Amino acid sequence: MSLRKTLGRSRPLRTLVAVATTGALLTALAACSGSAGSRSTSGDGKGVVTFMSWDALDTMKPLVTEFEKENPGITIQMSYVPPVDPYANARQKELQSGTAPDVFILGNREEEAGGGFVKDLSNIAAAKVVSDFNKQAESYKGKLYGISVVSWGGGFLVNKDLTSKAGVTTAPQSWGELLTDLKRIKATGVTPLIEAGDGISTTLMGLIGLAAHNDGTDFETDIANGKSTFAKDWTQPLATWSQLYTEGLASKNDAAVTGSQMTDEFNAGRAAMIATGSWAVAPARAALGAKANLDFWPIPGTTSGQNFWAGAAAPAYAINSKAKNPVGAEKWVDFLASAKGVEIYHKTTGSITTTNNYTPDLDPAMTNMYKDVVAGKIYCTWQTWPDANSSALDAEFLGKYQETMLGQSNAAGVTAALDQKWASLK
Amino acid sequence: MATMTASVVTDRSRNRIRSRAASNLVERLQTYAFYVPIALVFVVLFAIPFGQSVYYSFTNLAGLSPEYHFVGLANYVRVFTDPSLLSGLVFTLFFAIATTVLITCLALPLAVILNRKFFGQRFVRAMYFFPAIPSIAILALVWQFILSPLASGALNTLLHDLFGIGPVPWLSDPTLAQISVVVVGVWSLTGWHAVLYLAYLQSIPGDYYEVARIDGASSSQQFRYITLPMLAPAITVSTLLLMTSGLNVYALPQNLTSGGPGFATYTITQNIVISGISEGQYGQASALGVVFMIAVGVVIVLQLMLSRRLQRS
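For the record, the sequence lines run as chains A and B. Numbered by the working numbering, the letters in the first sequence go through residues 1192 to 1617 in order. Numbered by the working numbering, the letters in the second sequence go through residues 2 to 314 in order.
Spelled out as structure tokens, the structure:
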């Protein structure tokens, strides 16, 4: 007998099925609200420490293994969400719903530190080994809220085996010299430079950073506080950068090139230079071989002898102010900043570690940038923007940046659009 | 005696009527009980969130702070004056209309062909239906690789090797990028809609075609005067689904072009997702969502009215 006939004949059975379905649905909907539940922990941190990583689980596993060996009784329950937007979205939802893990990557300081979502870490052991630049980057109103043990630097990753065919073997000392070098490389039939269009290039970041450094001011804080505008501070660096496209030295197709496509071209030996960060060195070395003549050059300014790097303090580890295991969380963060922890992270990722308890063994290509990165001669857009409107501004900036690559906009058009967007967000 | 009997009979009838009424009531309640799950889903997952969106659209709720203030129609004013939003509206409409027209024009004859018997018919049907199965986000990433504007891109390499054509800026030229998004959308859904039409085709009685053949009607006449009118309900359903999914498009342009180059393939839903989630501007995104829902509702009602008029004629 079919189910339909069975249900049709039996009233008690129909009632039971209806009630069971409704009950199951209510249970499922209640489960959607999600609750981490309480975890009892002892005063020495023993128990579970929840950690939401934005490094791949394979990257963090050696650290977890070593920490748990040194701290028997403490278990790190790690989850992974990829950077940047998916992680920011997940973190925001969890902070709002009260289900955020004990340790996570710090986001907007004004929102999270100002809103009381993260603990003051100024006096923990890890704070003593963090570099001054990284400390400043993760502080809010004089207190430290995130422990950043790594920084990234960005500029031009150069395949000198290709540039030397055009007689270009050293970093250009000025922007004019850079343009000349790119023309010489292009004349040999090699693609001189590729920039990715899915994010603001390290070239432009370096130029803006240099302009701010020469001005002696923090552009973003001044613009956000109304003391300056994008038109006043960003037009000149943008105009300089756009020469790459108006003079045909970088292709308009870059507007649709992703970061991974750009590095694939470089790693296949089809591009002499790419505008990228220090994370690209290890894959390039693996693809081009140990003997490949790779180097990292800073972004030169219009004045000879001046240069700057793109870069920033890497995202910092923060402790939830409502952590279920605050003692264990603090031990985990202290370990991540310890000499052992930093060493393991560096050996796994090849990153530029900036703590004072460990000197990284870097690829020779990164020798040029190391000291500057540790000293903080680096800039990344929106790092010092004080509120959460940087996402909206970045979306507008990226669209106009791509239009500039295509020749549909220019420096003045970009900054005018940014000022208009900021005016609408204030 | 007769009165007593009549009284007993009346009592019995009354009891039977009462018992039948109670039985009907119980049966109705049991039937309504089966509506409870779907009603719960509607209320919890649509009605309540929609009500909250309308409420928050009049506030400045943003970020992590639970505090917000009533701002009147400020969010709605911003919706109608934001330049990136207006460019998103243009492409969204272009995508919805283009995919609806193209898929309908391709899926109909494809369904007619797939309805015929030929060797490998089932394999061919499966092949055309396959693009509808994987996630559109994954398909978009695959097409991003194929349509890469670099000379080393898959399609550009093929064109260069076969015809000596230089790298075509499929995704970096604004117009080509818009066309590419539409083409991928058409490619992914034509098979699915062809199968929808196929199901309706198979319900058309064969006698109609036999009579038409006897009367001397050609294939095109049979298609024009029998197949198309009989498929009118299917066309209504298909175009309705295409317009609603086209107006709500998000995953395809987000993963293929990220809304670029510039704002060429930026959509309304991208704006809602970016402002509401990435930027945490919940009030603004709610206003945009409400306006968009009303606009989509108007478009769908107009489309249904037009379809029904065509069906009647």
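Glycine residues also receive a C-beta, built at the ideal position from the N, C-alpha and C atoms. Computed from a predicted structure; not experimentally measured.
From the beta-carbon of A:Phe1308, the residues of chain B found nearer than 8 Å are Leu65. Not flagged as an interface residue toward chain B: A:Asp1311, since no C-beta distance is shorter than 8 Å. Taking a C-beta distance under 8 Å as the contact criterion, A:Ala1387 and A:Ala1357 do not qualify as a contact pair. The beta carbon of A:Asn1280 falls within 8 Å of a beta carbon belonging to chain B, placing the residue at that interface. Shown here, B:Ala75 sits in a helix according to DSSP, grouped into three states. B:Gln304 and B:Gly290 have their C-alpha atoms roughly 21 Å apart. Beta bridge pairing from DSSP links B:Leu151 with no other residue. No Cβ of chain A is located within less than 8 Å of the beta carbon of B:Pro254. The C-beta of A:Asp1610 comes no closer than 8 Å to any C-beta of chain B. Around A:Ala1483, the same chain offers Asn1350, Asp1352, Ala1475, Arg1476 as residues with beta carbons nearer than 8 Å, after the five sequence neighbours per side are excluded. At least 8 Å separates the beta-carbon of A:Met1396 from that of A:Thr1606. The residue among A:Gly1298, A:Leu1384, A:Leu1254, A:Gly1264 with its C-alpha nearest the C-alpha of A:Pro1274 is A:Gly1298. Taken in chain order, the whole beta strand (DSSP E) runs of length 3 or more contained in the stretch 1453-1486 of chain A are 1462-1468.
Pairing A:Glu1303 with A:Val1309 gives a Cβ-Cβ distance under 8 Å. Beta-bridge annotation (DSSP): A:Lys1334 is paired with A:Tyr1331. Beta-carbon to beta-carbon, B:Gly154 and B:Tyr267 are separated by about 23 Å, too far to satisfy the 8 Å threshold. For A:Asn1444, the chain B residues whose C-beta falls within less than 8 Å of its own C-beta are Pro150, Leu151, Pro168, Pro170, Ser173, listed in chain order. Look at the beta carbons and you see the stretch 1584-1596 of chain A touching the stretch 254-266 of chain B: at least three pairs across the two are nearer than 8 Å.
Under the criterion of beta carbons closer than 8 Å, A:Asp1409 and A:Ala1403 qualify as touching, at roughly 7 Å. In this structure, the CA atom of A:Phe1421 is about 35 Å from the CA atom of A:Leu1485.
Boundaries cannot be given for B:Ala63, as no alpha helix (DSSP H) includes it and DSSP labels it neither H nor E.
Around the Cβ of B:Tyr226, a 10 Å sphere holds fewer than 16 other Cβ atoms; the residue is exposed. About 5 Å separates the CB atoms of A:Val1240 and A:Asn1516; that is less than 8 Å, so the two are in contact.
In the DSSP annotation of this structure, the continuous segment of the alpha helix (DSSP H) that includes A:Val1533 starts and ends at 1530-1540.
Taking 8 Å as the Cβ-Cβ cut-off, the stretch 273-300 of chain B approaches chain A at Ile275, Ser276, Ile278, Ser279, Glu280, Gly281, Gln282, given in chain order. Here B:Phe96 is actually not in contact with B:Gly192; their C-beta atoms are around 19 Å apart, not less than 8 Å. Pairwise C-beta distances place the stretch 121-136 of chain B out of contact with the stretch 202-217 of chain B, as fewer than three of them are shorter than 8 Å. For A:Trp1432, the uninterrupted alpha helix (DSSP H) segment begins and ends at 1421-1437. For A:Ala1509, the pairing in a beta bridge is given by DSSP as A:Phe1295.
Contact between A:Ile1399 and A:Tyr1570 holds: their C-beta atoms lie close to 6 Å from each other, under 8 Å. Under DSSP, the beta-bridge partners assigned to A:Gln1268 are A:Thr1241.
Any Cβ of chain B closer than 8 Å to the Cβ of A:Asp1293 would place that residue at the interface, and such an atom is absent.
A straight line joining the alpha-carbon of A:Trp1523 with that of B:Thr105 spans about 59 Å. Judged by DSSP in its simplified three-state form, A:Pro1491 adopts strand. In this structure A:Ala1471 is not in contact with A:Ser1342, their Cβ atoms being roughly 15 Å apart against a cut-off of 8 Å. One thing to note: A:Val1533 has its Cβ within 8 Å of the Cβ of A:Thr1546.
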